[in-house]
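Working notes for the structure below.
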Amino acid sequence: MATLFWLQTGACGGDSLAILSAETPSLEQLLTDHGVELLWHPSLSHQPMSQHDAIYQRIVSGEQTLDILCVEGSIVTAPRGTGLYDSYRGRAKMEMVRELAQQAGVVVAMGTCAAFGGVHAAAPNPSDCTGLQFDRDRPGGLLPPEWRSRRGLPVVNVAGCPAHPHTMTQTLAGLAAGWPLPLDGLNRPQAFFNTIVHQGCTRNEYHEYDIEELEPGGRACLFFNLGCQGPMTQAVCNSDLWNGVSSKTRAGVPCFGCTSPTFPREADLFSTPKIGDIPVRLPLGVERARYMAYKNLARAAAPARVRDKKMDV
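Quick look at the structure:
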């Protein structure tokens, strides 16, 4: 059995809520069929906090083996580097994270806040939040870039706001089984961050023919005018639908790029910054010159069913 301790720091608890909707495997299956022993979870454990304290002390003293440490939420370091704005019984939680991380077989940052700082680290960042091993897109957070766990891994960044339920449970199941875990350049599990949200989006044909919405709620593409980050964001939201049903873009809401280290971006989330008529940020792998030439021809070539926006979403 792989032991798991889940600690919440400066956060909303959205990842804990999201993991409850996982199905393959479900949270229950993770604990019963995939060899995970839950030592503590702040929302799911029913024991008194004295039990939490006892488990914590056994881990840091080396009496209790800790295979997987999950941290949910930004690391609050204010005021003046003490971390006491986010404390537990007079101790800064950032110090508790450090102590637990030194004992853990692997450390998992659950959600973009724990991975990169997230919403709490956005300007002006009054509580001096950071991620576990990244500060936004810069290596080095609470832990230095060279830090490694007992299993020789950096912090595994299961990014998302919240993280996708299956990304969480499947990553934990693989870690519990001891499988290799290839990571990308941001230390995210490659299996879940090697495609973009644009792939599988039901609005793709509108994007290809440059049929773009001017206001939320329509059927066409949300990228060119309404700030959709789907063509630049690596996540499984449209290939593994949330609750097996939907995603932001299927619901008519632009992707905000919540798995990215710079989320939330410092701009109007519902508008697309442009230079002239061309977006500042283009889809991954697209060259600006070719994009401009292509878009000038695409709308004229659009079939009537696309121009009339009659395709079902």
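If you use the working numbering, the sequence shown corresponds to residues 24 to 336, in order.
The beta-carbon is built from N, C-alpha and C at its ideal position, and this holds for glycine as well.
Helix, strand or coil for residue i, going by three-state DSSP, please let me know.
i    : result
P188 : helix
M119 : helix
S39  : helix
D90  : strand
Q52  : helix
L166 : coil
M334 : Because the pLDDT of M334 is 46, which lies under 50, any placement of that residue in the model is unreliable, and the question is left without a value.
G223 : coil
Is residue i near residue j, with beta carbons less than 8 angstroms apart?
i    : j    : result
V59  : L195 : yes
L209 : N180 : yes
G163 : C152 : no
H189 : A45  : yes
D90  : L27  : yes
G275 : G240 : yes
C224 : T256 : no
I234 : R322 : yes
E122 : V83  : yes
P185 : G37  : yes
With respect to the alpha helix (DSSP H) encompassing residue i, which residues constitute its N-terminal and C-terminal limits?
i    : result
N319 : 311-324
N227 : 227-231
N248 : 246-249
For residue i and residue j, I'd like the C-alpha separation in whole angstroms.
i    : j    : result
T272 : G280 : 12 angstroms
G134 : K318 : 36 angstroms
H221 : G299 : 24 angstroms
L204 : Q213 : 8 angstroms
P168 : I98  : 16 angstroms
S110 : K116 : 5 angstroms
A146 : A324 : 43 angstroms
V303 : H75  : 49 angstroms
P65  : T218 : 32 angstroms
M119 : L53  : 26 angstroms
R174 : H57  : 19 angstroms
W265 : G113 : 39 angstroms
I'd like to confirm the pairing. Which residues does DSSP put opposite residue i in its beta bridges?
i    : result
D160 : Bridge partners of D160: none, in fact.
T26  : E60
E235 : C244
W202 : Per DSSP, none; premise fails for W202.
V329 : Bridge partners of V329: none, in fact.
G363 : Lying outside 24 to 336, the shown extent of the chain, residue 363 is not represented and no answer is given.
Just reading off the beta strand (DSSP E) that residue i is part of, what are its end residues?
i    : result
M133 : 127-133
V181 : 179-181
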